[in-house]
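Encoded as structure tokens, the structure appears first; notes follow it.
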Amino acid sequence: MSEIILKATNVSKIYGNHKALDKVSIEIKRGMIYGLIGENGAGKSTFMRTVMGLIKVDEGNIELFGQTGTKGLQRARRKMGQSIETPALYPDLTARENLRVQAANGGVSDREIEELLRLMNISHTGKKKAKNFSLGMRQRLAIASTLISNPEFLILDEPINGLDPSGIVEMREIIQRLVTERGITVLLSSHLLDELSQLATHYGILHDGKLIREFSKEELARETRRYIELETTEVQRAVVVLDELGIKDYQVVNGTDIHIFERLDDVAAINRTLVLANVDVTRIGTTRQKLEDYFLQLTGGTTHV
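Using the numbering used here, the first residue of the sequence shown is number -16, and each one after it goes up by one.
Structure, rendered in structure tokens:
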């Protein structure tokens, strides 16, 4: 059994003079939750569609489950499920009826349908029609429909987009269960980066069609490191004190904030020294760089993603 589920090598997609994808290379191994990060228009959905065969690549190569070529990829894609395009839900049918329609040609039993309803937390919907579902319920039903074929690899485009906070938490838990209970490998995209950081095991950042960085959850934790956040109206005087304390690894962020990346256990002592030096400290404490901030550093952005 191949450990490499997806291997995309130098994949490009060109529309006129615009390169929607520019030599993107991504490798996803069995058991990963791979989070594709990027602003709208970065190429996330385009990449997912090329993997599913919904659009053709103009350059490069895609390998799935060790299979390449037209026939090989067709066989491999039978092991996949996707929620990229608008899900084909029947608005006047219940959740169970929708799944029974999807399962009609797959030999899926009612017991398996009930298990999917339970897994996606929509077993309680009864006779309620899909057109009356909340956005979160429709999202979960769409994913349940993709699971009818019992896929090994699931592709989800913005599965938490538009959900309220409780819906985001629920979707996150469902995706984690798909991996732990069913052994499914997942590729998903999102622009809600802090939420993605609580779910994905690996990340790729797309920007203007290019994959500019890949990292694991562990690497992300190291790079979005903890720091002491110091807020003061007397930044220049505070910097003098930090230099006298021998603190070298710090950054003046703006007119009032300083980020200190060393001696994280000495917050009280640093605060005391600043106060004794008559530096007014508005706020001081340890925090961690947010994934949004890290993203903006890598892409050179200036606004919230």
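Note that the Cβ used here is the ideal one computed from N, Cα and C, for glycine as well.
- With a contact defined as Cβ atoms closer than 8 angstroms, Val222 and Val235 qualify at about 7 angstroms.
- Taking 3 residues as the shortest admissible run, the region 240 to 279 contains the following complete beta strand (DSSP E) segments, listed from N- to C-terminal end: 240 to 243, 264 to 271.
- Partner residues in the beta bridge of Asp140, as assigned by DSSP, are Ser172.
- Thr129 carries a helical assignment under DSSP once its states are collapsed to helix, strand and coil.
- Collapsing the DSSP output to three states places Val224 in a helix.
- Cα atoms of Asn44 and Val152: separation of roughly 36 angstroms, rounded to the nearest angstrom.
- According to DSSP, Met63 shares a beta bridge with Phe136.
- In this structure, Lys2 lies away from Glu46, with their beta-carbon atoms at least 7 angstroms apart.
- Between the beta-carbon of Met63 and that of Phe116 there is about 25 angstroms, and that puts the pair past the 8 angstroms contact cut.
- Burial is judged here by how many other beta carbons sit within 10 angstroms of a residue's own beta carbon; Gly166 has fewer than 16 and is exposed.
- Membership of Thr33 in the alpha helix (DSSP H) is indicated by the continuous run 27 to 35.
- When secondary structure is reduced to three states using DSSP, Gly150 falls in the helix class.
- Burial check for Pro142: the Cβ neighbour count within 10 Å reaches 16 or more, so the residue is buried.
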